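K.L.:
Letter 92 of the sequence shown, counting from 1, is numbered 92 in the UniProt record's numbering, and no numbers are missing. Yeah, the Cβ is synthetic: ideal placement off N, Cα and C, and Gly gets one too. Note that this is a predicted model, so its numbers are computed, not measured.
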Amino acid sequence: MGSRKRESALARKIANQDVAKALHNDCPSSPRKMRLVVDIIRGVEVDKALSILKYSKKDASNKLEKVLLSAMANWQSKNEGADIEEANLIVKEIMVDSARQLKRLRPAPQGRGHRIRKRSNHITLILGTKDNK
């Protein structure tokens, strides 16, 4: 590896020190239902987002809570010795994209069949500090 490439890689690593990312692919829930919960926690502090997800009645909140805890663990592994409460972490970006659809047939009147689409989604969550917002 050349010196210029090494220096740019080191600069990129230092810039991404305050950012942590977590993914959940092929989550078996429709993207529309997931986005209802995602819009509530976008831009919110991590502690508040966890409490919102914990006490929400939506089923999507359970899956999002696990993704948020995973992102927090990823941030903790990147920043050894740092405290999450003192870091002022927020949900910097969170995206829900549609994934594959399972297509099934349901019997309908007069020998017909109606198609049922079982949707799934991809969740991408990025944590950052308040000053990096």
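1. Report the option in A15, S29, V91, R4 whose CA atom is closest to the CA atom of I41.
2. On a CA-only basis, which of V38, R104, A60 is nearest E93? Give me that one, please.
3. Return the bridge partner residues of K118 from the DSSP annotation.
4. Can you tell which of R119, V44, V19, R6 has the C-alpha that lies nearest to the C-alpha of V96?
5. Give me the DSSP bridge partner(s) of V96.
P.N.:
So, from the data block:
1. The shortest Cα separation from I41 among A15, S29, V91, R4 belongs to V91.
2. For E93, the nearest C-alpha among the options comes from V38.
3. Per DSSP, L102.
4. Checked all of R119, V44, V19, R6; the closest Cα to V96 is R119.
5. V96 is bridged to I123.
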